[in-house]
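Read the structure below first, then the notes.
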Amino acid sequence: MIIKKFSKINNLAVFSNYNWDNSIPEFTKINIIYGRNYSGKTTLSRILRAVETRLLPDRYENPNFEISLDDGSIISNTTITANSLDVRVFNEDFVRSNLRFLIDPDSGIEPFAILGLDNAEIEKAISALELEIGSDIEKSETGLHEQLKDKKKTSQDATTAHSLASSELERKLSDKATNRQTGIKYNPERFGDQNYTIAKVKTDIADVTSVSYVNLTKAQKAEHEKTIIEQPKDKIAEIVVSNLYIAEYLDKSAGLLSRKIGASNKLIELLHDAALNEWVKKGQTLLDGKDVCAFCGNSISSKRWAEINTHFDEESKKLDAEIDELISVINSEIGRLQQPVSIDKTQYYSKYHPEIDSFITARTQAISDYCAALNNIIVQLNQKKTQITVEIAFTAPTDNSAALITLHNNFNEIVKESNDYTTKLSTAKKDAQKTLRLQEVADFCSTIDYTNEIARIASLKAVSDNATQEEKNMQTFLNRKIAEKQAKLRQLNDEEEGARRVNAYLNDYFGHNFVSLEAENVPAGENRIRFRIMRNDKPAYNLSEGECSLIAFCYFMAKLDDVNTQTKKPIIWIDDPISSLDGNHVFFIYSLLRVKLVEANQFEQLFVSTHNLDFLKYLKRLGKDNDKNIRYYIVQRIDTTSNISEMPNYLKKYVTEFNYLFNEILKCSEISTIDDSNYTSFYNFGNNSRKFLEILMFYNYPDDTKQLDKLEKFFGTDRVPAVLTDRINNEYSHLCGVFERGEVPTEVPEMLKTAKLIIETMEKKNLEQYLSLIKSIG
Numbered sequence: 001m002i003i004k005k006f007s008k009i010n011n012l013a014v015f016s017n018y019n020w021d022n023s024i025p026e027f028t029k030i031n032i033i034y035g036r037n038y039s040g041k042t043t044l045s046r047i048l049r050a051v052e053t054r055l056l057p058d059r060y061e062n063p064n065f066e067i068s069l070d071d072g073s074i075i076s077n078t079t080i081t082a083n084s085l086d087v088r089v090f091n092e093d094f095v096r097s098n099l100r101f102l103i104d105p106d107s108g109i110e111p112f113a114i115l116g117l118d119n120a121e122i123e124k125a126i127s128a129l130e131l132e133i134g135s136d137i138e139k140s141e142t143g144l145h146e147q148l149k150d151k152k153k154t155s156q157d158a159t160t161a162h163s164l165a166s167s168e169l170e171r172k173l174s175d176k177a178t179n180r181q182t183g184i185k186y187n188p189e190r191f192g193d194q195n196y197t198i199a200k201v202k203t204d205i206a207d208v209t210s211v212s213y214v215n216l217t218k219a220q221k222a223e224h225e226k227t228i229i230e231q232p233k234d235k236i237a238e239i240v241v242s243n244l245y246i247a248e249y250l251d252k253s254a255g256l257l258s259r260k261i262g263a264s265n266k267l268i269e270l271l272h273d274a275a276l277n278e279w280v281k282k283g284q285t286l287l288d289g290k291d292v293c294a295f296c297g298n299s300i301s302s303k304r305w306a307e308i309n310t311h312f313d314e315e316s317k318k319l320d321a322e323i324d325e326l327i328s329v330i331n332s333e334i335g336r337l338q339q340p341v342s343i344d345k346t347q348y349y350s351k352y353h354p355e356i357d358s359f360i361t362a363r364t365q366a367i368s369d370y371c372a373a374l375n376n377i378i379v380q381l382n383q384k385k386t387q388i389t390v391e392i393a394f395t396a397p398t399d400n401s402a403a404l405i406t407l408h409n410n411f412n413e414i415v416k417e418s419n420d421y422t423t424k425l426s427t428a429k430k431d432a433q434k435t436l437r438l439q440e441v442a443d444f445c446s447t448i449d450y451t452n453e454i455a456r457i458a459s460l461k462a463v464s465d466n467a468t469q470e471e472k473n474m475q476t477f478l479n480r481k482i483a484e485k486q487a488k489l490r491q492l493n494d495e496e497e498g499a500r501r502v503n504a505y506l507n508d509y510f511g512h513n514f515v516s517l518e519a520e521n522v523p524a525g526e527n528r529i530r531f532r533i534m535r536n537d538k539p540a541y542n543l544s545e546g547e548c549s550l551i552a553f554c555y556f557m558a559k560l561d562d563v564n565t566q567t568k569k570p571i572i573w574i575d576d577p578i579s580s581l582d583g584n585h586v587f588f589i590y591s592l593l594r595v596k597l598v599e600a601n602q603f604e605q606l607f608v609s610t611h612n613l614d615f616l617k618y619l620k621r622l623g624k625d626n627d628k629n630i631r632y633y634i635v636q637r638i639d640t641t642s643n644i645s646e647m648p649n650y651l652k653k654y655v656t657e658f659n660y661l662f663n664e665i666l667k668c669s670e671i672s673t674i675d676d677s678n679y680t681s682f683y684n685f686g687n688n689s690r691k692f693l694e695i696l697m698f699y700n701y702p703d704d705t706k707q708l709d710k711l712e713k714f715f716g717t718d719r720v721p722a723v724l725t726d727r728i729n730n731e732y733s734h735l736c737g738v739f740e741r742g743e744v745p746t747e748v749p750e751m752l753k754t755a756k757l758i759i760e761t762m763e764k765k766n767l768e769q770y771l772s773l774i775k776s777i778g
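With the UniProt record's numbering applied, the sequence shown closes on residue 778, and no number is skipped along the way.
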């Protein structure tokens, strides 16, 4: 795969909005690029260096480029990390990265190793390791790299799954805590915390998910809901407990019922008929002092009155009166107890309402039982009245007065608690709000299935941790295999051979044995080698620019044989390798490049750029006539921007400018008919002939003789040709002083005559030179 062209370059030094001109031939096997200093050659090399290192050049803002390859693919600034081109670039960035000693004497030189000899077993082991390790090219991974990629994906997927689940739960918790519509924070009246946060909801969740937490019943929840809306109540008076006299009644009743009255002189019929006895008793009172019965109209004899009065004697009347009095007292107590109790529930906190209701019910029952006992006493007293003369056994009813008093006392305790509760209401509200909040959190946990969700997230975390650990283990295993390979390579490779190869180039090609490269172990226990530049067995400081250039290029050329390159045919870009070198060294650079690269064909594609015309002259020798495997380009800067163009003929075709000028003059001498296709040859004739004759005259007469005198010697005794030629050279190559010359057409006949004169004279005076020039221009 080779590079066809730089399709686009933008925001890279002098290249701005550059697009490849399709009229320019695309790159081929060998590409020679000429450009003056600061024209952009190094910028092009930096683009290729970025492809090699898979890193964009530093200190460029938004660099943009596209490189078209012969397979139709494109490498751009966005895809260099994934490119698979094998590229080796020699430029100043290469020198900075690998030969820092040339810039900073306190730094070293990166070592490289050349494959050692007789290492078949080691190479076999390395091949096996390379197969096991595989390729790390993106989207084409193999071996352990592929396994690591799979582990990474599994780890990333597991981590993502855990992260998503955790984030979703966090979102739900956050909503529950701080959502403006449903969050606990924004319902402080019910839940009591307007500073509620996700941290607090997590604390509450820990409480409600503990084994000791018990959910509220509906009744408990309703009670707490009432508590949080309670307002402070006024003080309530205690209920006055009425005096209960049943014990006294029992005692008196027992006495009255056991009292005996004599039966003599009593009316037998009345003793056995209580109703009749009572009727007669009332009649006695109503008819006292009368002789006629108001009921039947019969007369009442004195005897009968005596019998009746004897029957109802004072003792009987007294007993009867005592019984009636006791019954009256008992009835009064019954009436008093049966009055409804006045309890206003609104005066009490809602939490006490059930107890109030229970008290009222219990009191009603207790009063009913108490009054029933009193009525039982009255019944027995009335029975006594009908049997006034006899002793009646008193059956005492159950006395529940103590229970009734206790009931009232207990209720007064409720009254006291309610009054005390006023001072505790604020705390009670907070407790109720907390309880309701915990229940809200408990309901929330139930809704989102919190316990199972936490278990699921924990499971995902375990899967993620396991996948991450497997990724780390695979990375560790891969690193170990890579380390094994490097260890094998260190056995196989020979860094000292790398240094010797550089020294061989320095000595064999440049005859430069004053400085050399030596491999040495790095101190401080590091298991690696570094190169040092030595002069007379001592570190060589203060190297000249020429020495730096020679060492750098020899280092690069030797590094093309290192273990990372030897088996490959890379694309090679060499940027201006002859800085500060004299003519001999320029030629030796060319020789090294030709023998070790071009003739050995150890590259897929070659680019060589230079600003030096002498070096360009040598580079042209790399190709043959009409060789399609070599093309020439020029990088030209106009103001602040540069362009890549096909190299013009005067640079590409001719060995020197002298050859080019000779060809232009020869073309003028051979023109028979002047038209638009050849007119420019005459237009440029003045400059071309002047420059050509200056070079030729200096070559023929290398002294300080004046130019006109040299021309006279060249053209012979006839002074006219010399004067005519000098006039054309001066007047048609300069308008200064003869401004009117720029306002009239060029005198073509004079130029045609002069061109023929120059060519004919050269052929006559130095035929060998003439024929050689003819050959050079084809």
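We treat Cβ as the ideally placed atom computed from N, Cα and C, and that holds for glycine. Note that the coordinates shown come from a computational prediction; the quantities given were computed from them, not determined experimentally.
Taking the Cβ atom as the reference point for each residue, do Asp193 and Gly183 lie within a distance shorter than 8 Å?
No, they are not a contact pair.
Please state the DSSP three-state secondary structure of Val341.
DSSP places Val341 in the coil class of the three-state scheme, outside both helix and strand.
Over the uninterrupted beta strand (DSSP E) stretch that includes Asp614, give me the two end residues.
It is not in any beta strand (DSSP E) - Asp614 instead sits in the alpha helix (DSSP H) that spans 613 to 619.
One or two residues paired with Leu606 in a DSSP bridge
For Leu606, the pairing in a beta bridge is given by DSSP as Ile30, Ile572.
By Cβ distance below 7 Å, which residues in the same chain neighbour Glu768 in space, the five residues on each side in sequence not counted?
Non-local beta-carbon contacts of Glu768 in its own chain, meaning distances under 7 Å to residues more than five positions away in sequence, are absent.
Below 8 Å, how does it come out for the region 386 to 396 and the region 188 to 206: are there three or more Cβ pairs, yes or no?
Short answer: they don't touch.
Out of Leu460, Lys185, Leu543, which has the shortest C-alpha to C-alpha gap to Ser163?
When the alpha-carbon of Ser163 is set against those of Leu460, Lys185, Leu543, the nearest one is in Leu460.
Quick one: is Glu121 buried, meaning 16 or more other Cβ sit within 10 Å of its Cβ, or exposed?
Burial call: exposed.
For the candidate residues Glu189, Lys653, Ser689, Glu657, whose alpha-carbon lies nearest to that of Ser669?
Checked all of Glu189, Lys653, Ser689, Glu657; the closest Cα to Ser669 is Ser689.
Could you give the DSSP three-state label for Ile3: helix, strand or coil?
Ile3: strand per DSSP, three-state reduction.
Just verifying my parser: in three-state terms, what is the DSSP assignment at Leu757?
When secondary structure is reduced to three states using DSSP, Leu757 falls in the helix class.
Three or more C-beta pairs closer than 8 Å, one from the region 659 to 673 and one from the region 751 to 763: is that the case here?
Yes, the region 659 to 673 is in contact with the region 751 to 763.
Using DSSP with H/G/I as helix, E/B as strand and the rest coil, what is Arg532?
Of the three classes helix, strand and coil, the one that applies to Arg532 here is strand, per DSSP.
With burial defined as no fewer than 16 other Cβ atoms inside 10 Å of the residue's Cβ, what is the status of Val744: buried or exposed?
Its pLDDT being 37, under 50, Val744 is placed unreliably in this model, and the value from its coordinates should be taken loosely. Classification of Val744: exposed, given that the 10 Å Cβ count is below 16.
Hey, is the region 413 to 428 in contact with the region 366 to 386, meaning 3+ C-beta pairs nearer than 8 Å?
The region 413 to 428 is not in contact with the region 366 to 386.
Cβ separation of Asn629 and Thr28, assumed to be a contact under 8 Å, to the nearest whole Å:
Between Asn629 and Thr28, the beta carbon gap of about 6 Å places them in contact (Cβ cut-off 8 Å).
Just reading off the beta strand (DSSP E) that Thr641 is part of, what are its end residues?
Here the beta strand (DSSP E) through Thr641 covers 641 to 646.
If you check the beta carbons only, do Thr203 and Thr468 fall under 8 Å apart?
Not in contact: Thr203 and Thr468 (Cβ atoms no closer than 8 Å).
Exposed or buried, what is Ile80 when buried is set at 16 or more other beta-carbons lying within 10 Å of its beta-carbon?
Classified as buried, Ile80 has 16 or more neighbouring CB atoms from the shown chains inside 10 Å of its CB.
Just how far apart, CA to CA, sit Ala165 and Ala458?
So the alpha carbons of these two residues sit roughly 10 Å apart.
Under the assumption that Ser645 contacts Tyr633 (Cβ atoms under 8 Å), give the Cβ distance between them as a whole number of angstroms.
At roughly 7 Å, the Cβ-Cβ gap stays under 8 Å, so Ser645 and Tyr633 are in contact.
Which residues does DSSP list as the beta-bridge partners of Ile630?
The bridge partners DSSP lists for Ile630 are Ile30.
Do Val208 and Val441 have their CB atoms nearer than 8 Å?
Between Val208 and Val441, the CB-CB gap stays under 8 Å.
Would you call the region 352 to 371 and the region 289 to 303 touching, i.e. three or more CB-CB distances under 8 Å?
Remark: fewer than three beta-carbon pairs, one from each stretch, lie closer than 8 Å, so the region 352 to 371 and the region 289 to 303 are not flagged as touching.
Taking all protein chains shown into account, decide if Thr435 is buried (16 or more other Cβ within 10 angstroms of its Cβ) or exposed.
By the neighbour-count rule (16 or more Cβ atoms within 10 Å), Thr435 is buried.
Just verifying my parser: in three-state terms, what is the DSSP assignment at Gly742?
Residue placement at Gly742 is flagged as unreliable, the pLDDT there being 40, under the threshold of 50; the coordinate-derived value follows with that caveat. It is helical.
Spatial neighbours of Phe739 in its chain, beta-carbon cut-off 8 Å, leaving aside the 5 residues before and after
Here the model assigns Phe739 a pLDDT of 38, short of 50, so the residue's position is not dependable and the matter cannot be decided.
Cβ neighbour criterion (16 or more within 10 Å) applied to Tyr699:
Classification of Tyr699: exposed, given that the 10 Å Cβ count is below 16.
Quick one, are the C-beta atoms of Lys481 and Leu131 less than 8 Å apart?
Lys481 places its beta carbon 8 Å or farther from that of Leu131.
Spatially closest choice to Lys472 from Met557, Leu169, Leu148, by CA coordinates:
Comparing Cα-Cα distances from Lys472 to each of Met557, Leu169, Leu148, the minimum goes to Leu148.
Return the bridge partner residues of Ile9 from the DSSP annotation.
Here Ile9 is bridged, per DSSP, to Tyr18, Phe65.
Selected residue, minimal CA-CA separation from Asp614, among Val598, Tyr590, Ser127, Glu604
The residue with the shortest Cα to Cα distance from Asp614 is Tyr590.
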